[in-house]
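Written out below as structure tokens is the structure these notes cover.
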Amino acid sequence: GAATALEQLLTDRLRILGPDHPHTLATRANLANWRGRAGDPAGAATALEQLLTDRLRILGPDHPHTLTTRHNLANWRGQAGDPAGAATALEQLLTDFLRILGPDHPHTLTTRANLANWRGQAGDPAGAAAALEQLLTDRLRILGPDHPHTLTTRHNLARWRGQAGDPAGAATALKQLLTDRLRILGPDHPHTLTTRHNLTHWRSRADGNGDRT
């Protein structure tokens, strides 16, 4: 429904404001996002490729909106079945974020997190785990141990450690994380419940009783 409404809005913004107006470009970005959320990641990626061409022409390569478009395009490429392409695009974007924003900017840190995820999805779980270990060090320094992004990094690191062949290490890390999530979020928070579920999974795998599906 959101996508349909934005398609109709885009028609009117093109007519009233023209194709290069900031609001028209923003509508195209939001339309692509909701297309992806509605189950069409390939369509979202295609729309963002077209939008990126226009944002590069109108805003230049270093504009925040251009960089955001590149980030979203990479993620929808991954969702559409090209995790290696997503990782490559995020590697290139990370280089630009480091140059423009610096290593401690939230966008830089988020790009590193997403890059690690897509590396893992592309078949390099050990590389994903190594990248997340480095990211965790920086998030602890910048955000502190109780920040949601720090906790999420710990959770993802445990996952990729397990995928890389260390289920016992994954279980140990999740046990420690569960203690902190219980303290910070309480026993009924969705993230606490997810951590408990994944802890059970990796404990089972470490004991040799996990499923093989």
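When the letters of the sequence shown are read in order and numbered with this note's numbering, they come out as residues 1267 to 1479.
Ideal placement from N, C-alpha and C gives every residue a C-beta, glycine not left out.
No experiment lies behind these values; they were computed from the predicted model shown.
P1241, enclosing alpha helix (DSSP H) - first and last residue: The question about residue 1241 has no answer here: the residues shown for the chain are numbered 1267 through 1479.
Quiz item: P1330 to L1318, Cα distance in whole Å?
Solution: Those two C-alpha atoms are separated by around 12 Å.
L1459, enclosing alpha helix (DSSP H) - first and last residue: From DSSP, the alpha helix (DSSP H) with L1459 extends over 1456 to 1472.
With H, G and I counted as helix, E and B as strand and the rest as coil, what does DSSP make of R1281? It is helical.
- Check whether the Cβ of D1390 lies closer than 8 Å to any Cβ atom in chain E. Of the protein chains in this structure there is only one, and it is not chain E.
If you measure between the beta carbons of L1448 and L1465, is that distance less than 8 Å?
In this structure, L1465 does not lie closer than 8 Å to L1448 by Cβ.
| Candidates P1372, L1367, A1382, I1366: closest to A1355 by CA position | When the alpha-carbon of A1355 is set against those of P1372, L1367, A1382, I1366, the nearest one is in A1382.
- [ ] Could you say which of T1376, H1371, T1419 lies nearest to T1338 if we only look at CA atoms?
- [x] According to the sequence provided, residue 1338 is Asn. The question's Thr does not apply to it. N1338 has its Cα closest to that of T1376, out of T1376, H1371, T1419.
- Contact under 8 Å by Cβ, R1427 with G1435: For R1427 and G1435, yes; Cβs fall inside 8 Å.
Q) Does the stretch 1414 to 1424 touch the stretch 1453 to 1467, meaning 3 or more C-beta pairs lie closer than 8 Å? A) The stretch 1453 to 1467 is in contact with the stretch 1414 to 1424.
Whose CA, out of I1408, A1397, A1388, R1471, lies closest to the CA of P1433? That would be R1471, whose Cα lies nearest to the Cα of P1433.
Give me the Cα-Cα distance between R1336 and T1290, rounded to the nearest whole angstrom.
Counting only the Cα atoms, T1290 lies some 18 Å from R1336.
| query | Secondary structure at H1371, three-state DSSP: helix, strand or coil? | reply | Reduced to three states, the DSSP call for H1371 is coil.
From I1282 to P1414, what distance separates their C-alpha atoms?
The alpha-carbon atoms of I1282 and P1414 are separated by roughly 42 Å.
>> So E1401 and A1379 are supposed to be a Cβ contact under 8 Å. How far apart are they, rounded?
In response: In the sequence as presented, Glu is not what sits at residue 1401; that position holds Leu. L1401 to A1379, Cβ: 6 Å. Contact.
In this structure, how does DSSP classify A1269 when only helix, strand and coil are distinguished? A1269: helix per DSSP, three-state reduction.
Quick test of your reading: G1344 and W1300, contact by CB under 8 Å. State the CB separation rounded to the nearest angstrom. G1344 to W1300, Cβ: 18 Å. No contact.
- Query: What residue range is occupied by the uninterrupted alpha helix (DSSP H) comprising G1362?
  - Reply: One point to set straight first is that residue 1362 is Asp, not Gly, in the sequence displayed. First-last of the alpha helix (DSSP H) with D1362: 1349 to 1366.
* Could you check the C-alpha separation between L1398 and A1350 for me, to the nearest Å? => Between L1398 and A1350, the C-alpha separation is close to 17 Å.
Inset, instruction - Closer than 8 Å by C-beta to T1332: which residues in its own chain qualify, once you throw out the five before and the five after it? Chain order, please. - result: Closer than 8 Å at Cβ, skipping near neighbours: L1318, R1321, L1322, L1325, G1326.
Cβ distance (whole Å) where G1452 is taken to contact T1458 below 8 Å: Contact flag correct, Cβ pair sits at about 7 Å.
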